[in-house]
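Take the position in the sequence shown, starting the count at 1, then add 1105; the result is the number in our numbering. Even for Gly, the Cβ is constructed at its ideal location relative to N, Cα and C. The structure displayed is predicted, hence computed values, not measured ones. One structure is given below, encoded as structure tokens.
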Amino acid sequence: MAFLAPLFLTLATLVGVPLLVHLLRRKGGRTVDFPAVRYLARMEQEHSRDLKLRHRLLLLLRMLAVLALALAAARPIAKLAGLGHAPVALAIVLDNSMSTGIIGNERSVFDSLRADVRGLLSDLSNDDRAWIVTADARVIGGSVPSLLAALNTLSPLGGRGDLASATRRAVGLARSGNPRAPVVAVVSDGQRNAFATDSVVNAGAVPVVILAHGTSVVRNRAVLAARAEPARWTPSGTVNFAISAPDSADWRLLLDGRTVARGSVASAPVGAPVRLTQRLASNTIGWVRGKVEVDADALRADDARWFAVRVAPPPMVAVRGEGGPFLMAALSTLVEEKRLERGAEGTARSVTVSGADAGGVRLPVLLSAPLDPVRIGDANRTLTRLGIPWRFGAIARNLVLARAARSDGAPLDTTAASVRVFEGTPVRLRYPLVYSPGSNPAANGASALAMPDTLAIAGGSAWAVAGDGYVLIGSPLVPEATELPLRAAFVPWLLEALSRRLGEDGRVIEAVPGAHIAGLRGVTGLEGPDGKVVGTNSDRLTVPNETGVYYLKRQAARIGALVVNPEPEESDVVGMGQGAVDSAVTVMRTHISGRDVTAATSASAWRKLVFDRAAGHGLLVPLVALALAALLAEAWLARH
């Protein structure tokens, strides 16, 4: 037995009040033998046995009533057969991933899942506690009416979410409802990648009951990829995209809501989609929202995929010979491809690319270590003059492999040019970069937005860094020092450094709904597809659940784009019939460890299994009835 309000057990001390009153009513004193009342004494002696029994019964009934009321106030619960379910702490995991938006027979799968949850909530009593946890780990708590109201406002996400994290959070919530019986109820659409994670949820002693829904065969068309290349059009570029369809399908390509290209594709599965490249040009200057879409079908969320591109004149660059022949050759290639323009040093929008030992250079600059070690002193004096808070350290000639720097421990984005160019690059000669903010008069008053970023590390020290108006590399860009200029990603990275880090371009970040991203230094707001701006006050951001292009803003200026699209795996809805559901349940049970993990085959069986884990009932009503019966018996006995 357990108690929901154990403090009220202190009321049981009041059971001594009837006994105290009974003892106080006993009379004491000297006995006087008065002849006129001797016959009364004889009558009392004849009935004393009956009176003592009655008084004791009255005393017991009063004490029983007080004790029963004290126990009732403490809200006891006991797992006794035949008394319904004991109060439960029920955490319901509702799968609202993108695939639950499939529509069949004019009703989505999510509507069916929501109806199952509604039926489970309707069976709860006032003694129960309940929460709803969605696939994006959102937690909704409160009374049953408030949960039902919140349930009606939920809808499928724009992506997969994380059902494993949601289940893990639900287990913790169920445990927090002690002494109520903890239970976790999971309801999903049965997609095979519902638990697409290597982590295992340890439910321990908390029972977990799983219900998965199957669907009929769905012929789903989906846009699985869309990306603009390059990230800056001047003013033309290409869009690479991929489409899967059970049969031939028409597609359209839109820029800022205007259709600029269309075509059709043959049938292709999700695992081997049709990949297309469309060359386009835009007359718009600035950021452009793009979208590739197909005709709507049963799963609407993957019928379109977004991308973003910035349209602007090519960045201007002034090349100095101190940078070395490989750097000059790479820049010449970009100029010939009209992705860069040659400019003059000191003019607006022009970036100077050189060795750090060059004299007379002005910000913005891309500087590499000098070819001649004797020139390191001149290079450090140049850094001081430009206000760059880094210095070249003592020369190191041992072979090391460079590593791309991680942002706040976040995993590396292997598709980023800065990662592909730096990660694993051999370095044979380097000057470790030493951060020296004290030598920069402006650094002491600089805000966090102006602090430099470490791009790469070599030998345990910074090797490539960037900051406000500069990019600095700790080796000369020749093969004898480093293989950096020989890597295939060097030219794309060079263009990215000149256009985004040193120019006016921002970066394009691709993310899935509900993800967490960091490193957004300098971002003050997020402009949604509807034009509304939501302010941000840190360098971390939770990606919105709705797909689309969101512009990163610094005050009124757009400094980048956040492109939100669902995971391509969510479009794989083939084979979500009962056999696939059984397979999905097996996968879920594999990822949930515990003493009691069971699966139900229907909504009614699901509800029964949930409450079977809490056999018994609260004893409030029986105890109140017992107290009332004791008081009625006491009143009747006192009158007779």
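Same chain, Cβ closer than 6 Å to residue i, neighbours up to 5 away in sequence not counted
| i | result |
| --- | --- |
| T1389 | V1416 |
| E1446 | P1419 and M1421 |
| R1502 | L1534 |
| P1546 | In this prediction, P1546 scores a pLDDT of 39, lower than 50, which makes its location untrustworthy; no coordinate-derived value is stated. |
| D1701 | P1312 |
| P1537 | G1498 and S1566 |
| A1271 | V1198, V1238, A1240 and A1242 |
| P1430 | none |
| A1194 | R1234, A1279, G1282, R1285 and P1287 |
| L1316 | V1292, A1705 and W1711 |
| I1245 | I1237 and A1255 |
Residue i: first and last residue of the uninterrupted beta strand (DSSP E) it sits in
| i | result |
| --- | --- |
| P1287 | A1286 to S1293 |
| G1309 | V1306 to G1309 |
| M1421 | M1421 to V1424 |
| T1343 | S1341 to S1349 |
| T1457 | S1455 to G1460 |
| D1200 | That residue, D1200, is in no beta strand (DSSP E); it is neither H nor E in DSSP. |
| Q1383 | V1379 to A1386 |
| T1363 | Reading the sequence as shown, one finds Arg at residue 1363 and not Thr. Per DSSP, R1363 belongs to the beta strand (DSSP E) from R1363 to V1370. |
| T1703 | V1702 to A1705 |
Residue environment, residue i, which counts as buried when at least 16 other CB atoms sit within 10 Å
| i | result |
| --- | --- |
| H1621 | exposed |
| P1584 | exposed |
| T1652 | buried |
| T1339 | buried |
| I1500 | exposed |
| E1601 | buried |
| Q1085 | Missing from the structure shown is residue 1085; the chain here goes from 1106 to 1745 and no further. |
| S1676 | buried |
| L1733 | exposed |
| K1637 | exposed |
| D1462 | buried |
| S1580 | buried |
| T1706 | exposed |
| A1730 | exposed |
Cutoff 7 Å; reference residue i; Cβ partners in own chain excluding five residues on either side
| i | result |
| --- | --- |
| L1226 | A1235, V1249, L1252 and L1253 |
| R1612 | R1605 and G1665 |
| W1598 | A1522, S1523 and V1526 |
| G1224 | A1708 and R1712 |
| L1262 | N1201, S1202, M1203, A1240, D1241, P1618, G1619 and N1650 |
| G1368 | W1356 |
| V1505 | V1532, A1563 and G1564 |
| L1378 | Note that residue 1378 is Pro in the sequence shown here, rather than Leu. Contacts found: L1329, A1347, I1348 and S1349. |
| S1372 | A1350, P1351, D1352 and S1353 |
DSSP three-state assignment for residue i, whether helix, strand or coil
| i | result |
| --- | --- |
| R1533 | coil |
| T1239 | strand |
| E1334 | strand |
| V1323 | coil |
| V1171 | helix |
| L1607 | coil |
| H1318 | coil |
| V1648 | coil |
| L1667 | strand |
| R1508 | strand |
| R1496 | strand |
Nearest-angstrom Cβ-Cβ length linking residue i and residue j, presumed shorter than 8 Å
| i | j | result |
| --- | --- | --- |
| L1560 | I1614 | Going by Cβ atoms, the distance from L1560 to I1614 rounds to 17 Å, so no, they are not a contact pair. |
| T1438 | V1596 | 6 Å |
| A1708 | D1221 | 5 Å |
| A1403 | G1209 | 6 Å |
| G1574 | L1607 | 7 Å |
| V1289 | A1279 | 5 Å |
| S1541 | P1475 | Going by Cβ atoms, the distance from S1541 to P1475 rounds to 18 Å, so no, they are not a contact pair. |
| L1625 | D1610 | Rounded, the Cβ-Cβ distance is 16 Å, inconsistent with contact. |
| T1343 | R1384 | 5 Å |
Limits of the alpha helix (DSSP H) - the one that residue i falls within
| i | result |
| --- | --- |
| N1231 | Unbroken run through N1231: none, as it is neither H nor E. |
| L1599 | F1595 to E1601 |
| L1278 | L1268 to R1280 |
| K1713 | A1708 to D1717 |
| D1355 | Segment A1354 to L1360 is the beta strand (DSSP E) holding D1355; no alpha helix (DSSP H) there. |
| E1441 | P1430 to E1441 |
| V1524 | A1522 to F1527 |
| V1249 | V1249 to L1256 |
| A1484 | I1481 to L1491 |
Same chain only: Cβ atoms within 8 Å of residue i, ignoring 5 sequence neighbours per side
| i | result |
| --- | --- |
| V1466 | R1425, E1450, T1457, S1459, L1472, T1487 and L1491 |
| S1698 | V1305, V1306, N1307 and A1308 |
| T1364 | R1357 and L1358 |
| S1341 | R1384, L1385, A1386 and S1387 |
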